[in-house]
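Worksheet for the structure shown next.
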Amino acid sequence: MKSFLKKYLNFIYSNNDSAQKTDSSTSSSGSKDQTEDHNNVPEETQKAFVFQSAVQEEEGYEAFARYLSLRIISKADLESFPEEAFYVRETLEDTKTILVLDYPSSIEHVLKANAAAWDKTEDELFERALKNIQETYHRVVVPYEGHPQAGMWTLTGDDAFKTSAVLYLEEYPALQGTHGALVALPDKDTFICKIIEDDISLEVGMQFLVHFTDETYHNSESRISRQIYWYINGEFTVIPYSIGLERMNYVLPFDLEDRLF
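Here is the structure:
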C-alpha cells in the first residue's frame, strides 16, 4: 500500500514514517533520547496521516494557475481516500476526472483545503486546467502502431495526460467519422480510436477493441477503464460487451443502430 501511495499519490505521507527516518539519521546517544520522546507522543498522533502538497510552499492563485491540469483516473484510485477532499468530476462513465498541478518534475493532486484561499469556483479551476492542457500538449492524430489491419488511431505523446484528450475530443475532427468513433482508454498510456463510417468499420473496430481493451486493462498496473465508448457530437456512450469461451458479444446503443441499419 505504501509503495502505491508513493507512486500515485505522492502528496501524502505518514507521521510515523517521518519519525522513523529522523531516528535512523541521529547518533546513537541522541537516538535514545529521541526514542523516549517519541514514545511519549499519543498513539493517535503517531498514526495520523497528513496531506502534503506543493501548494503550501507558495502563495497566491497565479503562482499555481499555469500548472493546473486534469487527469483521467480509475474510480478505484480514490476508493481509500475522502473524495470530497479533492476536485473530482465524473466526466466519462466509469472514470474520474481529477484536478492536479502538472509540475515539471511531479504531479500533485489539488486539495480543496489548500485551494480555498484562491477564491475561485470549481468551474473556474476546471476551465483553466482544460485550457492549460490544450496549450501545453500539442498532439497530432497518428495511426496506432502494431495493428495496421485494424485501422486504429491515437494521439502523439508519452505523457500522463494523453487520455485527458477525451475532455476535448471535438478538437480532433480527424478522429470523428460519419457516425462518430469508438474510443478506449484501458490504462494511462493508451488512448485508441476507431473511426465509424459504416457498419463494416464498426464491426472491425469492435472485433479488435473488445479483446485489446480487456487484455490491456487487466495486464496493466495503471488501469483506467475496460469500457469501450461510442463518441459522437461531444457525447460518450458505453458499449457493453462480454467475452465468452468461443465468441464475444456486444450491445450497440439504439442511436448508433438507427444510424447504421
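Position one of the sequence shown corresponds to residue 11 (my numbering), numbered consecutively onward. Each residue gets a CB set at the ideal place from its N, CA and C atoms; glycine is no exception. Predicted, not measured: the structure shown is a model, and the values here were computed from it.
Touching by the beta-carbon criterion (3+ pairs, under 8 Å), the segment 162 to 179 and the segment 137 to 153: yes
Three-state secondary structure (DSSP) of N142: helix
Status (buried if at least 16 other CB within 10 Å, exposed otherwise) for N229: exposed
Extent of the continuous alpha helix (DSSP H) to which D265 belongs: F264 to L270
As assigned by DSSP and simplified to three states, the class of H228: helix
R81 classed as buried or exposed, judged by whether at least 16 other C-beta atoms fall within 10 angstroms: buried
Identified DSSP bridge partners for H119: V110
Identity of the residue in L109, R233, S90 and E100 nearest D197 by Cα: R233
Beta-carbon contacts of V214 that lie in its chain and below 8 Å, excluding the five residues immediately before and after: A160, G161 and K204
Contacts around G244, its chain only, beta-carbon distance under 6 Å, and the 5 residues preceding and following it disregarded: E180
Residues near T200 by beta carbon distance below 7 Å, same chain, minus five either side: T226
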